[in-house]
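Going by the working numbering, the sequence shown opens with residue 4, and the numbers climb by one from there.
The beta-carbon is built from N, C-alpha and C at its ideal position, and this holds for glycine as well.
It should be emphasised that the depicted structure is a prediction, and the values quoted were computed from it without experimental measurement.
To keep things clear, I will list the structure first and then write my remarks on it.
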Amino acid sequence: MKMKILIADKFPEHYVKKLEDAGLEVIYDPKLGEADLPNAIKDIDCLIVRSTVVNAETIEKANNLNLIVRAGAGVNNIDIAAANKKGVYVSNCPGKNSIAVAELTIGLMIALDRRIPHNVMDFKKGIWNKAEYSKAEGLFGKTLAIVGYGNIGKEVAKRAQAFGMNIYAKDISRIEGYGVKDFSEFDQILPIADIVTLHLPLTPQTKNLFNEKMFSLMKNGAIFINTSRADVVDEEALIKAVKEKNLKVGLDVFADEPESKSGTVSSKLIELENVYVTHHIGASTEQAQNAVAEETVNIILNYIKSGVIAHWVNRAKVTDSHYQLVVKHYDKPGVLAAIMDVLRKGNINIEEVENIIFDGGLVACCTMKLRAPATSEMLESIRNNPNVISYSHVSLA
Ligand code: 3PG
């Protein structure tokens, strides 16, 4: 039976065709929203989304769903806990739209410094104001704090380096060129940064990270940019800082962002003169969308071919595995079943298992991660199996 794929977001036609050419049944319906998905998902095997919200109801109503691919980086629009309960794989395309987000970030920096949107709006109204718009700081020599030094933060650093900025970044695990200096504490960098830009995923640790206290540390008149996730910033605190500290702000994400692709928008930010908001378009360049779509197609086709999910985000990072049993054995039917039966009888849960074959197919090696230790009786019983060559049993603590 053909694998059925639903693409519930905008996706380049060329890549829709690639999936069809691979013999998959593809339903391309970019207009579907969060509320439509529970009805559309019933017999779907694989769901592809960008920012469309995949809630618990959608996952619960799915009869065949096996894989959700986030055609982008952030997976906070997918109810991962619900996916975990049903064993639905969730994967994403990290790094594939980073350049586009970095380009927008630099664009916002220049736009804010030179007030390009105001320049243009005045011109369109027939107003000439060289006197006013000649006041700009310039980016050269300015101190930039990059908060979040993953794929996007690094692309921002590369570009800021070309502008001659003095670059600091938070959470650098490895310093990788570009003349970037690490900063360990916000109270060291925020008071000296001319520009602060956020490139963080939304996690319980980053939610409302930029709150009243953080804004109070920032310089008066500094530029603040958020092209990551709205909830990383306490928007009320940001509004207060704009009013009291004259911050200049560039946002690609904000609270109450509309789910639909077009329509009306309401936000307290509209009234604020020095806040430029773009329409969550950070990843929306052809270059980025093609790179993301290519990766999405690769994830699906490789999974069909090999059973391996690339960028599998809901794989357990920590398991209940405390012991490891490795058994080298002759590769014959029933050998593994007999070994596992010994563990079953002792009520020992196998958390993870991998069986790998030596060249020639005569011998295999099975690695089992166990919740509890195998007893000496169990190990003896395994050793006595004539098809077992050797074993090792260690604690992983
Ligand atoms: C991402 O997480 O990749 C970006 O926020 C892009 O989102 P989008 O694909 O909905 O534009």
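{"Query": "Residue(s) in a DSSP beta bridge with residue 357", "Result": "370"}
{"Query": "Of the listed residues 143, 159, 144, 142, nearest to residue 150 (C-alpha basis)", "Result": "159"}
{"Query": "Complete runs of the alpha helix (DSSP H) confined to the region 88 to 124 [at least 4 residues]", "Result": "101 to 117"}
{"Query": "Nearest candidate by alpha-carbon position, reference residue 51, set 381, 352, 295", "Result": "295"}
{"Query": "Which residues DSSP lists as bridging residue 337, in chain order", "Result": "Its beta-bridge partners do not exist; DSSP assigns none."}
{"Query": "Contact test: residue 285 Cβ vs ligand 1 heavy atom, cutoff 7 Å", "Result": "yes"}
{"Query": "Distance between residue 53 and residue 290 (C-alpha atoms, nearest Å)", "Result": "16 Å"}
{"Query": "Contact between the region 362 to 372 and the region 321 to 333 (3+ Cβ pairs under 8 Å)", "Result": "yes"}
{"Query": "8 Å Cβ cutoff met for residue 104 and residue 253", "Result": "no"}
{"Query": "Reduced DSSP category for residue 152 - H, G, I as helix; E, B as strand; rest coil", "Result": "coil"}
{"Query": "CB of residue 328 within 8 Å of CB of residue 394, strictly", "Result": "yes"}
{"Query": "Supposed contact pair residue 112 and residue 10 - C-beta distance, whole angstroms, cut 8 Å", "Result": "That belief does not hold up - the Cβ atoms of residue 10 and residue 112 are roughly 34 Å apart, past 8 Å."}
{"Query": "Alpha carbon of residue 306 to alpha carbon of residue 376, nearest angstrom", "Result": "33 Å"}
{"Query": "CA-to-CA distance, residue 74 to residue 315, given in whole angstroms", "Result": "13 Å"}
{"Query": "Euclidean distance between Cα positions of residue 16 and residue 134", "Result": "48 Å"}
{"Query": "Beta-carbon proximity check, residue 200 vs residue 228, cutoff 8 Å", "Result": "yes"}
{"Query": "CB contact flag (residue 92, residue 317, <8 Å)", "Result": "yes"}
{"Query": "Range covered by the beta strand (DSSP E) that runs through residue 73", "Result": "70 to 73"}
{"Query": "Residue 384 beta carbon near ligand 1 (any heavy atom closer than 7 Å)", "Result": "no"}
{"Query": "Coarse secondary structure for residue 342, derived from DSSP in three states", "Result": "helix"}
{"Query": "Simplified DSSP state of residue 17, which is helix, strand or coil", "Result": "helix"}
{"Query": "Buried or exposed by the 16-neighbour rule on C-beta atoms within 10 Å, applied to residue 237", "Result": "buried"}
{"Query": "Residue span of the beta strand (DSSP E) that contains residue 172, given as start and end", "Result": "169 to 173"}
{"Query": "Residue 8 (DSSP reduced to helix, strand or coil)", "Result": "strand"}
{"Query": "Own chain residues within Cβ distance below 7 Å of residue 120, not counting five before or after", "Result": "114, 279"}
{"Query": "Backbone CA spacing between residue 261 and residue 342 [nearest angstrom]", "Result": "56 Å"}
{"Query": "Where residue 321 falls, given that 16 or more other Cβ within 10 Å makes a residue buried", "Result": "exposed"}
{"Query": "Residue 298 burial status per 10 Å Cβ neighbour count (16 or more: buried)", "Result": "buried"}
{"Query": "Distance cut-off 7 Å: residue 76 Cβ against heavy atoms of ligand 1", "Result": "yes"}
{"Query": "Beta-carbon proximity check, residue 275 vs residue 257, cutoff 8 Å", "Result": "no"}
{"Query": "C-alpha gap between residue 380 and residue 83, whole angstroms", "Result": "41 Å"}
{"Query": "Beta-bridge partners of residue 315, as assigned by DSSP", "Result": "94"}
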